[in-house]
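*Asks:*
Chains as they are written, first to last, in the UniProt record's numbering: chain G, 1 to 219; chain P, 1 to 223.
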């Protein structure tokens with residue numbers, strides 16, 4: 001039987017962690033774009049679009065991410081495509097992230113006083129102009145800390161893609177365990193690598209919140 | 001798309017689904033009760049507890065909040081036996097949920113306690129209450145009332161997260177779905193049905209928790 005050194009285990013896990021990082025970035029950026037579109041629908045003028053967007057958000061927030069991954073994996077297959085795991089993982093994670101980001105950002109937009117909407121409307125601005133020049137610049141400042149905070153959930157969410165067979169950090173952990181029979185060490189290391197990825201994000205979210213919230217401190 | 005949907009398997013698979021639902025409900029009830037209780041204990045330590053215990057709890061909270069639930073579950077179920085701690089799938093799943101929810105609810109409850117004005121502690125002390133008594137009777141209840149919505153959402157999130165316990169062969173709803181789809185080869189329909197069941201459970205749980213909050217805290221917060 002081959003012996004595996006600690007370094008062998010760590011190196012393999014770190015190599016797999018690249019895919020966790022890539023998948024997190026793709027989901028976060030893609031989810032941000034879809035989420036922004038959802039946000040515009042969610043607070044826009046059309047009633048049925050608002051309902052649609054709200055239904056979407058409720059659906060994705062009210063069901064397990066694992067189920068969404070399964071549905072993406074088997075659902076895309078219905079169209080006759082041979083679905084690789086990374087595609088299903090990206091699609092499901094982007095849609096899931098979008099729902100949460102849209103809802104977080106809606107809270108931020110709604111924290112902007114109603115008078116700002118009315119003032120910009122009285123200047124003859126359209127919906128998109130109001131958003132672009134008045135609401136979003138203010139809402140963005142409020143939105144940064146919770147958005148960074150949510151990125152931690154995205155990184156942790158990528159762990160579930162191991163279940164549909166995408167080889168990232170968690171899947172590598174299972175594979176290495178099966179080869180080395182050292183689950184305690186391997187899963188401990190996997191947890192530490194996730195911690196190393198997530199902790200800076202959590203901390204910076206807290207720091208940003210303190211820094212950007214100074215204006216509201218004394219109210 | 002020429003796919004024909006087929007839900008005919010649903011009736012035959014009903015007992016398996018119901019058993020899965022039962023296990024999922026059981027997991028979240030036990031997880032929520034003990035997880036929140038543990039979280040409150042941890043919040044007490046961070047607010048008033050002995051000094052040496054504070055960094056221990058802080059480390060626990062940070063570690064759990066920054067690692068995926070799946071890895072926590074694998075660590076407990078596959079990792080701990082090397083230390084001689086063995087347990088069944090259901091016990092491991094329950095333990096993982098309690099440990100996970102404990103860390104999150106610790107942070108949530110702590111936020112509620114921090115929002116309590118210092119005067120409340122002092123008022124308790126002036127009535128000759130011990131620090132524990134003023135925590136229990138004066139601080140905790142308004143704090144819980146304040147953070148109840150956040151705590152409820154976290155419990156729902158943990159319930160949805162519990163879908164991954166199927167990975168250590170705990171026979172929850174997802175396990176039932178996996179089992180059924182391996183028999184009927186109707187993966188998409190099976191997962192649609194179980195996703196809808198999860199959605200219904202999440203809505204139901206949210207309503208129940210709202211009702212529970214309404215029962216536990218009948219008076220409006222006096223601020």
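No residue lacks a Cβ here, since even glycine has one placed at the ideal position from N, Cα and C.
When Cβ atoms are compared, which residues of the segment 180-195 of chain G fall closer than 7 Å to chain P?
*Replies:* Hits within the stretch, in order: 183, 184, 187, 188, 190, 191, 194 and 195.
*Asks:* Using a C-beta to C-beta distance shorter than 8 Å, which residues of chain P count as neighbours of residue 6 of chain G?
*Replies:* The contacting residues do not exist; residue 6 of chain G stays about 15 Å from chain P at best.
*Asks:* To the nearest whole angstrom, what separates the beta carbons of residue 95 of chain P and residue 76 of chain P, a pair I think is in contact under 8 Å?
*Replies:* Right, their Cβ atoms sit about 6 Å apart.
*Asks:* What does the Cβ neighbour count give for residue 105 of chain G, buried or exposed, with the cut at 16 atoms within 10 Å?
*Replies:* Buried is the call here.
*Asks:* Distance cutoff 8 Å, beta carbons only. Does residue 6 of chain P sit that close to anything in chain G?
*Replies:* Not one chain G Cβ lies under 8 Å of residue 6 of chain P.
*Asks:* Can you name, in chain order, every residue of its own chain whose Cβ lies under 8 Å from the Cβ of residue 52 of chain G, other than the five neighbours on each side?
*Replies:* Once the five neighbours on either side are set aside, the close Cβ partners of residue 52 of chain G are 41.
*Asks:* Please report the straight-line C-alpha distance between residue 177 of chain G and residue 6 of chain G, rounded to a whole angstrom.
*Replies:* Straight-line Cα distance between these residues: approximately 12 Å.
*Asks:* With a threshold of 16 other CB atoms inside 10 Å of the CB of residue 117 of chain P, please say whether the residue is buried or exposed.
*Replies:* Its Cβ having fewer than 16 others within 10 Å, residue 117 of chain P is exposed.
*Asks:* Would you please state the rounded distance, in angstroms, between the beta carbons of residue 60 of chain G and residue 96 of chain G? I believe it to be under 8 Å.
*Replies:* Yes, residue 60 of chain G and residue 96 of chain G are in contact; Cβ-Cβ is about 6 Å, under 8 Å.
*Asks:* Are the CB atoms of residue 65 of chain G and residue 172 of chain G within a distance shorter than 8 Å?
*Replies:* In this structure, residue 65 of chain G does not lie closer than 8 Å to residue 172 of chain G by Cβ.
*Asks:* Judging by CA-CA distance, which residue of P/15, P/157 and P/143 is the nearest neighbour of residue 213 of chain P?
*Replies:* When each option's Cα is compared against that of residue 213 of chain P, the closest is P/143.
*Asks:* Listed in chain order, which residues of the segment 52-71 of chain G have Cβ atoms closer than 9 Å to some Cβ of chain P?
*Replies:* The segment 52-71 of chain G vs chain P, Cβ under 9 Å: 58, 59, 61, 62, 63, 64, 65, 66, 67, 68, 70 and 71.
*Asks:* Is the distance from the Cβ of residue 167 of chain P to the Cβ of residue 105 of chain P below 8 Å?
*Replies:* Contact flag unset, no.
*Asks:* Starting from the Cα of residue 169 of chain G, find the closest Cα among G/184, G/192, G/181 and G/179 and give me that residue.
*Replies:* Nearest C-alpha to residue 169 of chain G: G/192.
*Asks:* Closest by CA to residue 2 of chain G, which one among G/203, G/91, G/212 and G/181?
*Replies:* Among G/203, G/91, G/212 and G/181, the Cα nearest to that of residue 2 of chain G belongs to G/181.
*Asks:* Taking DSSP as the reference, what is the three-state secondary structure of residue 66 of chain P?
*Replies:* It is coil, neither helix nor strand.
*Asks:* For the segment 74-102 of chain G, which residues have a CB atom closer than 7 Å to at least one CB atom of chain P, in sequence order?
*Replies:* For the segment 74-102 of chain G, which is checked against every Cβ of chain P, the residues closer than 7 Å are 74, 75, 78 and 79.
*Asks:* To the nearest angstrom, how far is the alpha carbon of residue 98 of chain G from that of residue 27 of chain G?
*Replies:* If you take the alpha carbons of residue 98 of chain G and residue 27 of chain G, they lie about 9 Å apart.
*Asks:* Would you mind reading off the limits of the alpha helix (DSSP H) that contains residue 100 of chain P?
*Replies:* Per DSSP, residue 100 of chain P belongs to the alpha helix (DSSP H) from 89-114.
*Asks:* Using a Cβ-Cβ cut-off of 6 Å (strictly less than) and excluding sequence neighbours within five positions of residue 108 of chain G, which residues of its own chain qualify?
*Replies:* Correct list, in chain order: 139, 142 and 143.
*Asks:* Between which residues of its own chain and residue 102 of chain P is the CB-CB distance below 7 Å, once the five residues before and five after are set aside?
*Replies:* So the qualifying residues of the chain are 35, 38, 39 and 42.
*Asks:* Assuming residue 186 of chain P contacts residue 9 of chain P (C-beta within less than 8 Å), just tell me the rounded distance between them.
*Replies:* Their Cβ separation, rounded to whole angstroms, is 6 Å, which keeps residue 186 of chain P and residue 9 of chain P in contact under 8 Å.
*Asks:* Just the C-alpha distance for residue 217 of chain G and residue 209 of chain G, rounded to the nearest angstrom, thanks.
*Replies:* Summary for residue 217 of chain G: the model assigns pLDDT 49, below 50, so the residue's position carries little reliability, and this model does not support an answer.
*Asks:* Short of 9 Å Cβ to Cβ, which residues in the segment 59-75 of chain P face chain G?
*Replies:* Answer in chain order: 62, 63, 65, 66, 67, 68, 69, 70, 71, 72, 74 and 75.
*Asks:* Looking at C-alpha atoms only, which residue of G/179, G/165, G/187 and G/102 is the closest neighbour of residue 34 of chain G?
*Replies:* Considering only alpha carbons, the answer is G/102.
*Asks:* Thinking just about the alpha-carbon of each residue, which of G/136, G/82 and G/62 is nearest to the one in residue 39 of chain G?
*Replies:* The residue with the shortest Cα to Cα distance from residue 39 of chain G is G/136.
*Asks:* Which residues in chain G sit within 7 Å of residue 29 of chain P, going by Cβ to Cβ distance?
*Replies:* Chain G residues near residue 29 of chain P: none, gap ~17 Å exceeds 7 Å.
*Asks:* What is the C-beta distance between residue 67 of chain G and residue 191 of chain P, in whole angstroms, given that I count them as a contact (C-beta under 8 Å)?
*Replies:* Between residue 191 of chain P and residue 67 of chain G the Cβ distance is about 6 Å, and since that is below 8 Å, they are a contact.
*Asks:* Measure from the C-beta of residue 15 of chain G to each C-beta in chain P and report whether the shortest distance is under 8 Å.
*Replies:* So, not an interface residue.
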